[in-house]
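Worksheet: one structure, shown below.
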Amino acid sequence: MILFVGSSVVQNIPCKNVKSYDSIDKKNEIKTEIEAPYIQLINDMSNEHRVAPVIDRNIWETYKVHNTCQDVETILDMNAQLFDVYEIIDFGQAAWGLTSGDFNNDDNIDFAVASATVPFTHSTISIFYNNDDLEFTRDDVFTFSYTYIESLDSGDYDNDGDIDLIFGYSEYIYYQGSYVYVYGIISMLYNDGENHFGNTTMIAKRGSGIPYDPEERCNPKVTSADYDGDGDVDLLVGDNSGKVELYLNNGTGNFTSAGVIHDWGLCSWGVTSADYDDDGDIDFIAAVALNSNWGYVYLKRNQVIESNATTIFEPGPGEIISDIYNVPGTVSLTSLDYEKNGKTDFIAGNFFELFLYLDKQGIYDPFKICRIPMNSEDQPEDLTFGALTTADFNNDGYDDFVTGGVQGVVRLFINNHGLAAITRPHPSRLYVFDNEYESLIAEDKIVIIGKISIDVKPVTELKKVEFYIGNSLRKIDTTYPYNWTWRVGGSLFQKRTIRIVAYDTTGKSSVAEIKVWKLF
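Residue numbers (this note's numbering): 78 to 597.
Here you go:
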């Protein structure tokens, strides 16, 4: 499924050795109609066309987010588990870059997002300043008229005490009647100390410049951290080729390639950094395609401490910690500590679904957070290309996250400290006397006819789980696996609430619920 339908203008193969990718490349399909009018105006690739001006900083707006889980009639009631979901803004399309940090030094974590206009005229990087109490003020700090911004990250790259921005995009040439991506570009926006960002400084231009090169380095995805332990912020970049390349910072924001960490062979779009093995240095995970519909998430461990800085990353592909089943075989990723227990977990954005993977003694246990519905124009979400960012946005000590995506809708997911999740019934399913049927119901809806088995998956060790229909207690289960069968009762087709209250061994409790339509 695509966001916009039209004849292809940009005919490019985003992952090498996958001949059918023109038909499934979400990014290139989106560019078909919206890029055609303006792209004809670009006759050369000179620097003046690539560097966009800083826009008028008087464009400020304040957004009070609203809880989309309160009104079950709205399209954004996603029956989400483990997080409370809010919508901040709908840009229209292509919110593919997200990053977080305290940009204005007020001890509240802000976030920045890269988005695009509809139809495309330019991309914009906007900072959303966190005013506390789930209120954000938007400041558009940079526009880019050349093409879509495909990734975004932030850090004090030049060690001057403020947060800079780094972004990636793809550069194209005119070839045999169409525009074809041939380079992946990484560029820096240095902060002047007052969150003014000037023209771009190119950090790296990657690729051969040859159209349809199977090793092409387009669609760059950036993550950054101090990988070599020298006190400054370095870069890792994934792309269409399946390579992940390391760029080391000399301390002033000048970067030098330290080579390809590993070449997995196909798209390495998902990259995120954290200390996954809790040994004091920064590792990374990469979501890598093996073919057009299958891939893995690999953990690459940092060896700086163990090797006394003689080796940064271990050789080889790393440890497989999860598999991926989708087209194109990769996902977007971000790291977090969901339970605030000192372990590093991660979030994966797989098309229109979000999953939380919890570290259970080195085994990453998946929990489905939600399935994002189509927007008001019946256009599907796609988080595969990006974007996700993690931080504690409500100052409760727990990690939350923000999503973007193809729809351009920016959503805030607040950690609700859930002890358990309802794992059955699933959204977008029809259940007839406990038999499950897929793809018959809208993405955010559940329809049940007759009896249904309700399953609950614990996040941590539990003492008991209470099952409710509305406010009516139906069962208390004290033994794993936690489940209850809601049997036939009543004849009206009506909306009902399945609610569970989970209690851990210390007596702490949490509530999870889903809304369903029930007959009999």
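We treat Cβ as the ideally placed atom computed from N, Cα and C, and that holds for glycine. Since the structure is predicted, the reported quantities are computational estimates derived from the model, not experimental observations.
Taking 7 Å as the cut-off, is the beta-carbon of residue i closer than that to any non-hydrogen atom of the ligand FMN?
i, result
"Arg506", "Ligands are entirely absent from the displayed structure, and the ligand FMN is therefore not among its contents."
Can residue i and residue j be called in contact, C-beta distance under 8 Å?
i, j, result
"Val404", "Ala363", "no"
"Phe244", "Ala191", "yes"
"Thr421", "Ala351", "yes"
"Ile204", "Asn272", "yes"
"Gly319", "Lys298", "no"
"Ile338", "Leu323", "yes"
"Ala498", "Phe423", "no"
"Tyr304", "Ile165", "no"
"Leu413", "Phe478", "yes"
"Gly481", "Leu211", "no"
"Pro535", "Ala589", "no"
"Asp476", "Tyr415", "yes"
"Cys344", "Asn385", "no"
"Gly330", "Tyr251", "no"
"Thr583", "Lys528", "no"
"Ile518", "Ser505", "yes"
"Phe361", "Thr461", "no"
Kindly indicate which residue of the options has the alpha-carbon position closest to the one of residue i.
i, options, result
"Ser200", "Gly169, Arg506, Asn181 and Asn185", "Gly169"
"Ser587", "Ile577, Trp594 and Lys595", "Ile577"
"Gly426", "Phe570, Lys420, Thr467 and Gly439", "Thr467"
"Phe599", "Arg564, Gly584, Gly372 and Val348", "Because the chain spans 78 through 597 in this model, residue 599 falls outside it and cannot be assessed."
"Lys410", "Asp554, Lys417 and Glu430", "Correcting the residue type first, residue 410 is Leu in the shown sequence and not Lys. Selected option, being the one with the closest Cα: Glu430."
"Trp400", "Leu367, Gly584, Glu416 and Ile204", "Going by the sequence as given, residue 400 is Asp instead of Trp. Ranking the options by Cα distance to Asp400, first place goes to Leu367."
"Ser264", "Pro443, Lys592, Leu312 and Pro558", "Leu312"
"Val393", "Asn385, Tyr402, Ala386 and Gln380", "According to the sequence provided, residue 393 is Gly. The question's Val does not apply to it. Closest by alpha carbon: Gln380."
"Gly342", "Asp356, Ser369, Thr562 and Phe390", "Ser369"
"Lys585", "Gly481, Ser505 and Leu539", "Leu539"
"Phe180", "Arg215, Lys282 and Val162", "Arg215"
"Val348", "Gly336, Val408 and Glu391", "Val408"
"Arg378", "Pro535, Val162, Leu433 and Glu391", "Glu391"
"Gly474", "Leu550, Asp241, Asn493 and Ser177", "Asn493"
"Tyr434", "Pro291, Val365 and Tyr353", "Tyr353"
"Asp241", "Tyr223, Ser222 and Ser177", "Ser177"
"Ile575", "Gly336, Gly306 and Gly547", "Gly547"
"Phe472", "Thr461, Phe462, Leu460 and Ile491", "Residue identity differs from the one stated: residue 472 is Asn in this sequence, not Phe. Cα-wise, what sits closest to Asn472 is Ile491."
"Gln438", "Asp161, Thr537, Ser453 and Lys282", "Thr537"
"Gly306", "Ser285, Gly357, Gly336 and Arg294", "Gly357"
"Thr556", "Ser222, Asp581, Phe428 and Gly419", "Asp581"
"Asp355", "Glu515, Asn418 and Tyr545", "Asn418"
"Lys592", "Lys522, Lys282 and Phe361", "Lys522"
"Asp183", "Phe428, Asp436 and Asp209", "Asp209"
"Thr387", "Tyr249, His503, Ser222 and Ala335", "Ala335"
"Trp173", "Trp346, Tyr508, Tyr163 and Ser285", "Trp346"
"Ala171", "Thr224, Gly284 and Glu293", "Thr224"
Which same chain residues, not among the five before or five after residue i, have their C-beta less than 6 Å away from its C-beta?
i, result
"Thr198", "none"
"Ile132", "Here Ile132 scores only 29 on pLDDT, less than 50, and its place in the model is too uncertain to base an answer on."
"Trp594", "Val524 and Lys572"
"Ile398", "Val374, Leu376 and Tyr441"
"Val486", "Asp167"
"Thr278", "Met265"
"Ala302", "Ser350 and Ile359"
"Asp554", "Val542"
"Leu596", "Ile526 and Phe570"
"Tyr559", "Val533 and Val542"
So residue i and residue j are in contact, right, with Cβ under 8 Å, and what is the actual spacing, rounded?
i, j, result
"Ser231", "Asn296", "About 20 Å separates the two Cβ atoms, so there is no contact after all."
"Leu229", "Gly495", "Between Gly495 and Leu229 the Cβ distance is about 29 Å, and since that is not below 8 Å, they are no contact."
"Ile280", "Val259", "With 8 Å as the limit, Ile280 and Val259 do not qualify as a contact, their Cβ atoms being about 18 Å apart."
"Thr501", "Asp532", "It is Arg, not Thr, that sits at residue 501 in the sequence shown. Confirmed, Cβ separation roughly 4 Å."
"Gly406", "Gly372", "4 Å"
"Glu458", "Gln484", "5 Å"
"Gly261", "Asp239", "Going by Cβ atoms, the distance from Gly261 to Asp239 rounds to 27 Å, so no, they are not a contact pair."
"Gly254", "Tyr267", "Contact doesn't hold; Cβ gap of about 39 Å is too wide."
"Met155", "Ile449", "6 Å"
For residue i, I'd like the list of residues in its chain whose CB is within less than 7 Å of its CB, leaving aside the five on either flank, ordered along the chain.
i, result
"Asn207", "Asn185, Ile186, Asp187, Phe213 and Phe470"
"Asp309", "Asn236, Asp303, Asn326 and Gly328"
"Tyr115", "The predicted position of Tyr115 is uncertain, since its pLDDT is 25 and thus under 50; a value taken from the coordinates is nonetheless stated next. So the list reads Phe197 and Thr198, once near-sequence residues are dropped."
"Lys282", "Tyr260 and Ile262"
If I measure Cβ to Cβ from residue i and keep anything under 8 Å in the same chain, skipping five residues before and after, which residues do I get?
i, result
"Gly566", "Phe597"
"Lys552", "Glu543, Phe544 and Trp561"
"Leu550", "Glu543 and Phe544"
Runs of 4 residues minimum, wholly inside the segment 217–284: which ones carry the alpha helix (DSSP H) assignment? Within the segment 217–284, no run of alpha helix (DSSP H) reaches 4 residues while sitting entirely inside it.
Starting from the N-terminal side, write out each stretch of the beta strand (DSSP E) that is 3 residues or longer and does not extend beyond the segment 551–579. The segment 551–579 contains, as complete beta strand (DSSP E) runs of 3+ residues, the segments 559–563 (chain order).
Unbroken stretches of the alpha helix (DSSP H), 4 residues or longer, contained in the segment 443–517: Given a length threshold of 4 residues, the segment 443–517 has no whole run of the alpha helix (DSSP H) inside it.
For a minimum of 3 consecutive residues, which ranges assigned as the beta strand (DSSP E) are wholly contained in the segment 381–429? For the segment 381–429, whole beta strand (DSSP E) runs of length 3 or above, ordered along the chain, are 396–402, 409–413 and 422–427.
Could I get the ranges of all uninterrupted beta strand (DSSP E) runs contained in the segment 317–382, with 3 residues as the minimum, in chain order? With a minimum length of 3 residues, the continuous beta strand (DSSP E) runs that stay inside the segment 317–382 are 320–326, 332–340, 347–351, 360–368 and 371–377.
Whole beta strand (DSSP E) elements within the segment 144–216, 3-residue minimum: Inside the segment 144–216, DSSP marks whole beta strand (DSSP E) runs of 3 or more residues at positions 160–167, 170–178, 187–193 and 200–207, from first to last along the chain.
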